[in-house]
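Comments concern the structure below.
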Amino acid sequence: MKIGILLTNIGTPDAPTKASLKRYLSEFLSDSRVVSFPIKFKFIWWLVLNVVILNTRPKKSAKNYAKIWDRIGIGSPLLSITKLQLQGVKKTLLERHENLVFEMGMRYGNPSISSVLNKLLNQDCEKIIVLPLYPQYSNTTTLSTLDVINQVLNDSWTKKPEIIFIEYYCYNDDYIQSLANTVLEHQIKHGKPNKLIISFHGIPQRYIDSGDIYYDHCVDTAKLLAKKLDLNKSDYLFSFQSIFGREPWTKPQTKERLETLACDGVEHIQIICPGFSSDCLETLEEIECENRNYFIQSGGLKFSYIPALNYRDDHIKMLSNLISNYL
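Take the sequence shown: its letter number 326 is residue 326 in the UniProt record's numbering, and every next letter is one higher.
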């Protein structure tokens with residue numbers, strides 16, 4: 001039996017240009033899982049998106065992407081890293097199993113999930129294992145990915161393969177251990193901080209109030225990592241970053257945490273972002289550049305970002321083992 005393995009991630013623009021960012025943001029912000037409003041407000045959001053946001057934000061975002069472009073590999077760091085993750089998982093699994101076909105796709109941008117899923121279907125895969133590279137579940141990311149999978153299957157194919165969809169892996173001990181390994185290795189080089197910040201991407205608070213389990217997954221991940229590192233409650237804090245718009249988002253916010261810590265005399269902090277399986281704009285530019293500036297300008301002395309798991313050997317092994325459970 002031929003089995004397809006599909007790794008997915010959030011996506012990236014094709015280039016750090018205004019035109020490319022406009023296309024990417026239009027697709028991203030048009031997803032009702034990402035920006036969800038009652039029907040009576042949808043036209044208002046359409047106007048705000050197309051008249052205001054897509055005529056102002058792409059230029060600024062393009063400048064930010066330009067700062068990190070080619071930082072890891074050629075082009076988008078997230079795309080380069082995801083390709084390397086796929087290569088690592090492919091090499092590992094082909095040493096154990098036969099008749100496997102591998103693809104990776106992006107929810108927004110290229111290569112699209114729909115295009116690579118169709119490739120797997122055209123190769124007559126009888127089973128397809130989909131692993132979204134989001135350790136913590138959220139309707140805004142994980143369920144949005146499943147929407148695309150179902151749409152492709154419902155629109156194009158009468159003979160449907162078995163779909164194994166891995167919804168999350170934040171409780172996987174090997175995942176937590178890999179995070180702990182990155183922290184310990186980083187601290188060998190940079191010393192132990194006064195405070196470790198565990199930062200996750202934020203989402204609107206009303207999504208949590210409506211039943212999204214993302215917040216609980218983030219809290220649990222932070223606690224499990226702290227336990228693995230044998231940290232006291234006073235040794236770490238968790239927070240949320242990448243806030244967009246004016247409505248309330250999940251709190252506390254990373255930026256505010258950093259400013260408060262610096263003003264309180266905390267001199268040395270380190271940040272890890274466990275929700276990002278690959279380094280990207282939100283880690284390399286927002287955390288490593290913007291948030292560093294917030295902390296230093298507020299009186300802090302030493303700031304360092306602990307890289308994402310990316311294509312580390314322990315991360316590749318964990319992802320491979322996770323998939324192997326369903327082979």
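All C-beta atoms, glycine included, are put in the ideal place defined by N, C-alpha and C.
- Following the DSSP letters along the chain, one finds E162 inside the beta strand (DSSP E) bounded by residues E162 to F165.
- The beta-carbon distance between I271 and I197, rounded to whole angstroms, is 4 Å. This is short enough to meet the 8 Å contact definition.
- For L86, the closest of N325, K233 and H315 by C-alpha to C-alpha distance is H315.
- Of all C-beta pairs linking the segment 95 to 104 to the segment 55 to 72, fewer than three are shorter than 8 Å, placing the two stretches out of contact.
- Comparing alpha carbon positions, the residue from L93, P77 and Y24 closest to S61 is Y24.
- Fewer than three pairs of CB atoms, one per stretch, sit closer than 8 Å, so the segment 127 to 136 makes no contact with the segment 24 to 41.
- For E103, the uninterrupted beta strand (DSSP E) run begins and ends at L100 to G109, by DSSP.
- About 5 Å separates the beta carbon of L117 from that of V152, a gap short enough to meet the 8 Å contact definition.
- The way I'd put it, the segment 252 to 260 doesn't touch the segment 211 to 220; fewer than three beta-carbon pairs between them come closer than 8 Å.
- When the alpha-carbon of S304 is set against those of S320, E286 and Y311, the nearest one is in E286.
- The three-state reading of DSSP puts V130 in strand, counting E and B together.
- CA-to-CA, the gap between L301 and L120 works out to about 51 Å.
- Residue burial is scored here from C-beta neighbours: T8 has at least 16 other C-beta atoms within 10 angstroms and is therefore classed as buried.
- The residue among I68, D31, S26 and R71 with its C-alpha nearest the C-alpha of V52 is S26.
- Boundaries for T158: no beta strand (DSSP E) harbours it, and the DSSP string shows neither H nor E there.
- Looking at the DSSP output, W249 bridges to P204.
- For G4, the pairing in a beta bridge is given by DSSP as V101 and I128.
- Here S80 is buried. Its C-beta has 16 or more other C-beta atoms within 10 Å.
- Annotation for K227: the continuous alpha helix (DSSP H) segment containing it runs Y214 to K228.
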